[in-house]
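Report on the following structure.
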Amino acid sequence: MSEEPIRLVTIGRILRRRRRLLAVLAVVGALVGYGTSLVVPPRYTTSASVLLPGQWEERELLTQVDIATSSTVVDRAAATLGWTGVSGAELRDRVTAEAADGNIIKISGTADTPERAQRLSDQVARRFVEFAARIAGGGTDAEAATEPEALRKKVEETNRRITDLANAAGPGETVESVQGRTALEKLRTSLEQAMTKLDEADPATDKAGMVVMGPAARPTGEAPPTRTQLIVVGALLSFLLAVIGHLAAARMNRRLRTEPEIAAALGSALLGTVDVPEEGSGAHRPEDRVPRARIRRLLGLDTRWDLPAPPSSGDEAGRRIRYRRVCARLRDRAPAPGRLLVVVPDGDEIARRAAGQLVAEAGSDPSRGPSSGGHPMLRMVEVSADRPIVPDRDTETGALVVLSAGSRTAEELAGIAEACADGRHEVVGVVVAGTVRIRTTRSAGRPADDATPALAVHGRATGGSG
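Under the working numbering, the first residue of the sequence shown carries the number 1220, and numbering increases by one thereafter.
Now the structure itself:
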């Protein structure tokens, strides 16, 4: 696992080098969001307001909110609407209520059309007012309306009975009659006072007089999430998941990137690093004619994004000097004069081009003969990194491994080293290749010797003056 921290430059590198892939994934996410909008029907929401007169505490308002969305209120609204296939339980999921400032309860209804949303909000608001009035009256709606009037009639009847008893007590000639008339008048006064206090404390008069503040407005737009929102969310979600996936892959990447780590994994010495021009990389490859390879090139997957941008190369002569120095160190480390095997992991285009350049450089040396101490002749082979098989030793005196940085894990390189040992090849060195950006301007007076030789796959058996 890579311990390199995630920086903004890393995210910027992903956006630059994977912009085609990110754009394609964003379009795919947008199409998924559009498909979801076709499956999920549109929703419309509107609200009706109910005014609660009088003084209400916060906990009382919350109680009224619960009553507004209770099953009793919503079931009554569903029975009044009479929508086919829509039950009260389903409507309860579409109705919400909240307490607003000024003792107002806002009841919101959601439906598949603006007309239904308006009717649902209005009906729930009306049923809520009726149910709250019945609760405040302590009985049914009819009882809440007739009980106060019946109580007043009983009081009037009692007052008349008191008057009759007072008249029957006589004009008050005796002490007993005077006391009886006085007691009856006190009873009349207490009854009138109790009735007055009952009228003042009547909850139906104080708090049950809720008012629906007009019909709900017909909605003009869909409720979230709209089709546009689903498309945008799908595109953004796909884009973010792709970026996060790249970052997670970089954190889990175990490929070796530094020259000492690569040399240690192969159990050999580092002979140097060589440069491969970036322009023209991957062009004219036979595998590019495969549809899968074309798709990878179109999406930009044929280039690594987790490596720094290649540096600028000085000139072609400087790059050839690097190859010549590697060949010189290779000649010094070769166990015996003769031909060496250049092992390149398959799929590593940068290493393949660098190995071809090494082969051509060794073959173009005028004094490459063993007796003259020239460069050893090289023969390049590509091996599988998963199941490496190296040809058995024939006339070769050792093996040279060429690969690019960040392309293989330590386990894969150890497998290549073991394959070389199985083929009786001693790994005499390691060469790490990297890409560089070449300059577009060329010097008009450059010598012909600085021209890049043709890339050879096999070293020539006979020397020559060249």
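For glycine and all other residues, C-beta sits at the position ideal for the given N, C-alpha and C.
May I ask which residues mark the beginning and end of the alpha helix (DSSP H) holding residue i?
i	result
M1599	Here M1599 belongs to no alpha helix (DSSP H); instead the beta strand (DSSP E) covers 1596-1602.
V1284	1277-1287
A1468	1446-1471
T1299	1290-1300
V1258	1238-1258
P1438	Element bounds for P1438: n/a, residue is neither H nor E.
V1578	1568-1582
D1641	1629-1641
I1540	1535-1552
R1515	1510-1518
Please report how far the alpha carbon of residue i lies from the alpha carbon of residue j, in whole angstroms.
i	j	result
R1232	C1546	35 Å
G1301	R1335	11 Å
V1243	N1472	24 Å
A1267	G1321	15 Å
R1476	R1627	9 Å
G1566	G1617	23 Å
R1379	E1277	45 Å
T1229	R1236	11 Å
A1573	R1656	15 Å
A1488	E1480	11 Å
G1304	V1451	33 Å
V1609	L1456	46 Å
V1578	G1648	15 Å
A1482	L1559	18 Å
T1522	E1630	23 Å
Please classify residue i as buried or exposed, where buried requires at least 16 other C-beta atoms within 10 Å of its C-beta.
i	result
Q1576	buried
R1238	exposed
V1620	buried
S1409	exposed
R1606	exposed
P1510	exposed
G1537	exposed
P1256	It should be pointed out that residue 1256 corresponds to Ser in this sequence rather than to Pro. Buried, by the Cβ-count rule.
K1325	buried
Since I believe residue j is in contact with residue i (beta carbons under 8 Å), could you give me their beta-carbon distance rounded to a whole number of angstroms?
i	j	result
T1264	S1306	Incorrect: roughly 20 Å between the Cβ atoms, too far for contact.
P1434	D1341	5 Å
V1646	L1490	Not quite, the Cβ-Cβ distance comes to about 11 Å (not below 8 Å), so this is no contact.
R1262	T1329	5 Å
V1293	V1251	Not quite, the Cβ-Cβ distance comes to about 35 Å (not below 8 Å), so this is no contact.
I1540	V1495	About 15 Å; that fails the 8 Å criterion.
A1249	G1453	5 Å
V1561	I1635	That belief does not hold up - the Cβ atoms of V1561 and I1635 are roughly 12 Å apart, past 8 Å.
In terms of residue numbering, what span does the beta strand (DSSP E) encompassing residue i cover?
i	result
G1304	That residue, G1304, is in no beta strand (DSSP E); it is neither H nor E in DSSP.
P1496	1489-1496
L1560	1558-1564
Quickly, what does DSSP pair residue i with across the bridge? List them, please.
i	result
P1325	Inspection of the sequence shows that residue 1325 is occupied by Lys rather than by Pro. Paired residues: S1268, E1317.
G1648	L1619
V1430	L1270
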